[in-house]
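Report on the structure given below.
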Amino acid sequence: MALTIEEYNHLLQTAKKLRHEIVEITMKAGGAHIGGGLSVLDILVTLYFKYLNIDPEKPDAPDRDRLVLSKGHAAIAYAPVLAERGFFDKKLLDDFNKFKSPFGMHPDANKIPGCDASTGSLGHGLPIATGMALGARLQEKKFRTYCIVGDGELNEGSNWEAAMTGAHYKLTNLTVFVDRNMQMIDGPVEEIMGLEPLSDKWKAFGWDVLEINGNDIQQVANAIEKAQQATEKPVVIIAKTVKGYGVDFMEDKTQWHYGSLDSELAEKAHHSIDAVYEKLGI
Amino acid sequence: MSKEITGTTWTVYDANTLTQNEIYGRVLCELGEKHPEIVGLSADLAKSTKIGIFQEKFPDRFINVGIAEQNMFGIAAGMARTGLLPFVSTMAAFTSMRAAEQVRTDICYQNLNVKIIATHGGVSFGSAGTTHHATEDIAIMRSFANMTVIVPADGIETANAVRAAVDWPGPVYIRTGRGFEPNYYQKEDYGFEIGKSVLVREGTDITIIATGITVLQAAEAADFLKKNHGLSVRVINMHTIKPLDEEAVMKAVTETRRIITFEEHNVIGGLGTAVADVIAQSGKGCAFTKVGFPDVYSEVGYPEDLYAYYKLDANGIIEKVQEVMQKDFEEDENWEDEF
Numbered sequence: 605m606a607l608t609i610e611e612y613n614h615l616l617q618t619a620k621k622l623r624h625e626i627v628e629i630t631m632k633a634g635g636a637h638i639g640g641g642l643s644v645l646d647i648l649v650t651l652y653f654k655y656l657n658i659d660p661e662k663p664d665a666p667d668r669d670r671l672v673l674s675k676g677h678a679a680i681a682y683a684p685v686l687a688e689r690g691f692f693d694k695k696l697l698d699d700f701n702k703f704k705s706p707f708g709m710h711p712d713a714n715k716i717p718g719c720d721a722s723t724g725s726l727g728h729g730l731p732i733a734t735g736m737a738l739g740a741r742l743q744e745k746k747f748r749t750y751c752i753v754g755d756g757e758l759n760e761g762s763n764w765e766a767a768m769t770g771a772h773y774k775l776t777n778l779t780v781f782v783d784r785n786m787q788m789i790d791g792p793v794e795e796i797m798g799l800e801p802l803s804d805k806w807k808a809f810g811w812d813v814l815e816i817n818g819n820d821i822q823q824v825a826n827a828i829e830k831a832q833q834a835t836e837k838p839v840v841i842i843a844k845t846v847k848g849y850g851v852d853f854m855e856d857k858t859q860w861h862y863g864s865l866d867s868e869l870a871e872k873a874h875h876s877i878d879a880v881y882e883k884l885g886i
Numbered sequence: 002m003s004k005e006i007t008g009t010t011w012t013v014y015d016a017n018t019l020t021q022n023e024i025y026g027r028v029l030c031e032l033g034e035k036h037p038e039i040v041g042l043s044a045d046l047a048k049s050t051k052i053g054i055f056q057e058k059f060p061d062r063f064i065n066v067g068i069a070e071q072n073m074f075g076i077a078a079g080m081a082r083t084g085l086l087p088f089v090s091t092m093a094a095f096t097s098m099r100a101a102e103q104v105r106t107d108i109c110y111q112n113l114n115v116k117i118i119a120t121h122g123g124v125s126f127g128s129a130g131t132t133h134h135a136t137e138d139i140a141i142m143r144s145f146a147n148m149t150v151i152v153p154a155d156g157i158e159t160a161n162a163v164r165a166a167v168d169w170p171g172p173v174y175i176r177t178g179r180g181f182e183p184n185y186y187q188k189e190d191y192g193f194e195i196g197k198s199v200l201v202r203e204g205t206d207i208t209i210i211a212t213g214i215t216v217l218q219a220a221e222a223a224d225f226l227k228k229n230h231g232l233s234v235r236v237i238n239m240h241t242i243k244p245l246d247e248e249a250v251m252k253a254v255t256e257t258r259r260i261i262t263f264e265e266h267n268v269i270g271g272l273g274t275a276v277a278d279v280i281a282q283s284g285k286g287c288a289f290t291k292v293g294f295p296d297v298y299s300e301v302g303y304p305e306d307l308y309a310y311y312k313l314d315a316n317g318i319i320e321k322v323q324e325v326m327q328k329d330f331e332e333d334e335n336w337e338d339e340f
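Quick note, the sequences are listed as chains A and B, same order. Here this note's numbering is used: the first residue of the first sequence is 605, the next is one more, and so on. Here this note's numbering is used: the first residue of the second sequence is 2, the next is one more, and so on.
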C-alpha cells in the first residue's frame, strides 16, 4: 500500500477537519458548490498533504509541482485545503464570496497564494496543465503537473483537444483526475450528456487509465504512485466519487451542486461527517 | 478626380518578395537566439503563418497542437506560467473568435506574458471568404483588460512590433495581413514605439488616422490630394490601437479639426471607435468620419478587389476626404463654450 497507517490516518483526519470547515464556510458565505467540493476533497487532500512537492513559504518556486483545478467551482474545497497547507491565514476564508474577497466561487491565481491557475470556465484547465507539462519538458525540469477535471466538464471539447496533445507528446509528467461524481447542474451526467464508456474514450485517445474509488484515500494514493511511474503514456485516474460525500442528505443529489446551509442544516451536516469518520475509526 | 490605383499586382508580384509574415518569422528566429525562453506555437498553420521558420531553427522549442486553437491558447497560458515566453500564431479569425475565451480568461485575466501574432487579418485572405476574414478582431481584442493591440502597417513594422513585444509586459496581440501586402516603410529605424503613433505626412487641413494596410493607401491619397487639389492632409500611422496615442488624436483635433479614421475592420469597435471615444470625451468640436467595413459580412474576392469595392483603398479615402472637407464642422471658431 502506498500509505503507512500513520499517513493514512493523518490524511483521513485532515479530510474530516476540512469537511467540517467546508460546511462552516458554505454557511457563512451564503452558498457554495458544496456537492462537488465534497466529492473532490479526498483527491485534493491526498495530493496536497502527501504528494505535491510544494513549499507554502515559496508559492511561486519555479520547480514546484503544479495543480490545476479545472473544475474551478470546487474552490469551496480548494481554498480551505490551501489554507490548511499553510499558504495563507484560514481567517481570510470568513469572507468567502464577499465583496473584494480573494475567494469567490472560482479560484483566482492572481489573488490566492498557492493557486496555479485561475479556473472556473470549464474545459480550460486541461490545456493549461498540458502547457505546464510541456513547459517542464522544454525546460528539462522535473516537476509534475496534476489536473482535476469534473466529469460533466468533459462535455467541453477543449478537453479532448488537450487529451490528444498529452498523448501525442507523451506527457508522462502530467496526471489527470476525473472527479466522476456523476452529477451536473441539470441532472445526472449520463442523462444530460452521456460519457460512457469513459474509460474507453481516454484509452482511445492514447492514455493509460486507472479506475478507483476517489473518496478512498488509500486508493487515491496508490493511483498517484502508479501514475508517477508512467514512461510511455500520460495517465488519467477516473475517480468514482459521491457528490456531497460525507453529508448524508447531500449525497448523490443533483440539487446539492450548489447549495446553502442554515445553522440547523449545518448541524446535521456536521453530525453526518462525524458518523462517516467514526466508522473509519477517526 | 481620383487616382487610379489597381491592386491585383499585390498578389501576383509581391508574393516573391519578403512578405509581412516571413519577416516576423525571421525576426522571431533572431530573438530566439537571445531569448532561450521563447517558444513557438501553431495550430496546423506553421507554414501559412510563417512561424514555421522558427520551427525549422528551433525544433525543440516549437509545439504544433494540430487544429485546436482553444487548446493552443490554454497551453500557451500554462507554458507562460512555467516561465516560458510563448509566441502563438494562427489566423486572426480563429484567435479572436474560436479561442476568444481562452485568450481572455487564460491569458489576459492572468496577465500572462504571451505574444500573439494573428495573421490573415481583415480580408487579406480574400477568396477564402467570410469564415476566414477577420473584421471584428480589433474590437474583440481591445475589449480585453491587460491586452495590448498592435496593427502594423507592413512587414517592416511587424518586425519592429515583434521585437518591441518581447520587452513589453503582458499579453500582446499583433495583427498582420496574409503576408502579400506591399511595404510602406523601407527601413526599420523610423522610431517605432508601442503606444506612440508615427506621423506619416504633416498636414493642416484634415487628418487621416490609419492603421495596418491603410497607412500606405492614406499616404498615397495625401500625396495625390496635395498635388491635385492643394490640400494639406496629415496622415498618422496609429499602429497601436491599445493603448491609444491620445495625445496625437487631440493634436489633430486642435490643429486640423477634421479627422477621418481608416481601417481594415468593421467600423464598429475598432480604431474609429477608439478615436471617437477620445474626441467625445475631450468635449472639443471636430468633423469626424470612420472609414472601414460597413456592418456586413464581406464578399469573396482578391483582397485588392475587396478593398476597392468597400472603398478601403486610396481612391476611397480620397473621395471621403473631399466629402469631409466640404462639411461645415461648426458654426464658429470659438471653443471656449464647447466643454
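Note that CB positions come from ideal geometry on N, CA and C, so glycine has one too. Just so it is clear, the structure is predicted and the values come from calculations on it, not from any experiment.
Cross-chain neighbours of residue i in chain B, by beta carbon under 7 angstroms
i	result
Ala713 (chain A)	Gln111
His728 (chain A)	Gly75, Gln103, Thr106 and Asp107
Pro666 (chain A)	Gly84
Beta-carbon proximity list for residue i, same chain, < 8 angstroms, skipping 5 on both sides
i	result
Asp699 (chain A)	Ser705 and Phe707
Met768 (chain A)	Phe809 and Gly810
Asn701 (chain A)	Ala633, Gly634, Gly635, Ala636, Phe707, Gly708 and Met709
Gly863 (chain A)	Thr630, Gly635, Ala636, Ile638, Gly639 and Met854
Close Cβ partners of residue i (< 6 angstroms) along its chain, the five nearest in sequence each way excluded
i	result
Tyr308 (chain B)	Asp314
Glu320 (chain B)	none
Residue i CB to nearest heavy atom of the ligand COA below 7 angstroms
i	result
Asn267 (chain B)	Ligands in the displayed structure: none, and consequently the ligand COA is not present.
Residue i: contacting residues in chain A (beta-carbon distance under 7 angstroms)
i	result
Ile64 (chain B)	Leu738
Asn72 (chain B)	Pro731, Ser762, Glu765, Ala766 and Thr769
Gly196 (chain B)	Neighbours of Gly196 (chain B) on chain A: none; closest Cβ ~24 angstroms, over 7 angstroms.
Contacts that residue i makes with chain A (C-beta to C-beta distance below 9 angstroms)
i	result
Lys222 (chain B)	Lys is not the amino acid found at residue 222 (chain B); the sequence shown has Ala there. Going along chain A, no residue has its Cβ under 9 angstroms from Ala222 (chain B), so there is no contact; the nearest lies around 45 angstroms.
Gly213 (chain B)	The contacting residues do not exist; Gly213 (chain B) stays about 30 angstroms from chain A at best.
Val40 (chain B)	Leu738, Gly739 and Leu742
Gly171 (chain B)	Within chain A, no residue comes near Gly171 (chain B); the closest Cβ sits about 12 angstroms away, beyond 9 angstroms.
Leu85 (chain B)	Gly735, Leu738, Gly739, Leu742 and Gln743
Gly67 (chain B)	Glu765, Met768, Thr769 and His772
Of the residues the options, the one placed nearest residue i, counting alpha carbons only
i	options	result
Glu248 (chain B)	B:Leu200, B:Ser43, B:Gln56 and B:Leu226	B:Leu200
Val780 (chain A)	A:Gly641, A:Ser876, A:Ser674 and A:Leu869	A:Ser674
Thr845 (chain A)	A:Ile821, A:Tyr652 and A:Val813	A:Ile821
Arg784 (chain A)	A:Leu742, A:Lys807, A:Arg748 and A:Glu794	A:Glu794
Glu256 (chain B)	B:Val89, B:Lys312, B:Thr205 and B:Phe59	B:Thr205
Gly770 (chain A)	B:Thr159, B:Gly53 and B:Asn72	B:Asn72
Lys678 (chain A)	A:His772, A:Phe653, A:Ala606 and A:Cys751	The residue you asked about is not Lys; residue 678 (chain A) is Ala in the sequence shown. Per the Cα distances, A:Cys751.
Leu742 (chain A)	B:Ile76, B:Glu194 and B:Ser128	B:Ile76
Met736 (chain A)	A:Glu757, A:Asp669 and A:Lys715	A:Asp669
Leu814 (chain A)	A:Glu836, A:Ser722, A:Gly885 and A:Ile842	A:Ile842
Asn22 (chain B)	B:Leu42, B:Glu31, B:Lys48 and B:Leu32	B:Lys48
Three-state class that DSSP yields for residue i in the structure shown
i	result
Phe95 (chain B)	helix
Arg27 (chain B)	helix
Arg784 (chain A)	strand
Ile269 (chain B)	coil
Ala834 (chain A)	coil
Gly293 (chain B)	strand
Val279 (chain B)	helix
Val216 (chain B)	helix
Pro792 (chain A)	strand
Glu815 (chain A)	strand
Tyr174 (chain B)	strand
Ala843 (chain A)	strand
Tyr682 (chain A)	helix
Partners in chain A for residue i, counting only beta-carbon separations shorter than 8 angstroms
i	result
Met80 (chain B)	Gly735, Met736, Leu738, Gly739 and Leu742
Ala275 (chain B)	Result: empty, since nearest Cβ-Cβ is about 26 angstroms, beyond 8 angstroms.
Interface residues of chain B facing residue i [CB-CB closer than 8 angstroms]
i	result
Asp720 (chain A)	Arg82
Between the CA atoms of residue j and residue i - distance to the nearest angstrom
i	j	result
Asp278 (chain B)	Gly640 (chain A)	45 angstroms
Glu102 (chain B)	Gly178 (chain B)	23 angstroms
Gly754 (chain A)	Ile789 (chain A)	12 angstroms
Met786 (chain A)	Pro792 (chain A)	6 angstroms
Phe145 (chain B)	Glu189 (chain B)	29 angstroms
Val325 (chain B)	Asp306 (chain B)	25 angstroms
Asp296 (chain B)	His266 (chain B)	9 angstroms
Asp659 (chain A)	Asp646 (chain A)	20 angstroms
Thr50 (chain B)	Ala69 (chain B)	15 angstroms
Arg164 (chain B)	Ile816 (chain A)	50 angstroms
Lys228 (chain B)	Gly284 (chain B)	34 angstroms
Gly123 (chain B)	Pro153 (chain B)	13 angstroms
Close-in-space but distant-in-sequence residues of the same chain around residue i (CB under 7 angstroms, 5 per side omitted)
i	result
Lys611 (chain A)	First, the amino acid is wrong: residue 611 (chain A) is Glu here, not Lys. Closer than 7 angstroms at Cβ, skipping near neighbours: Lys654.
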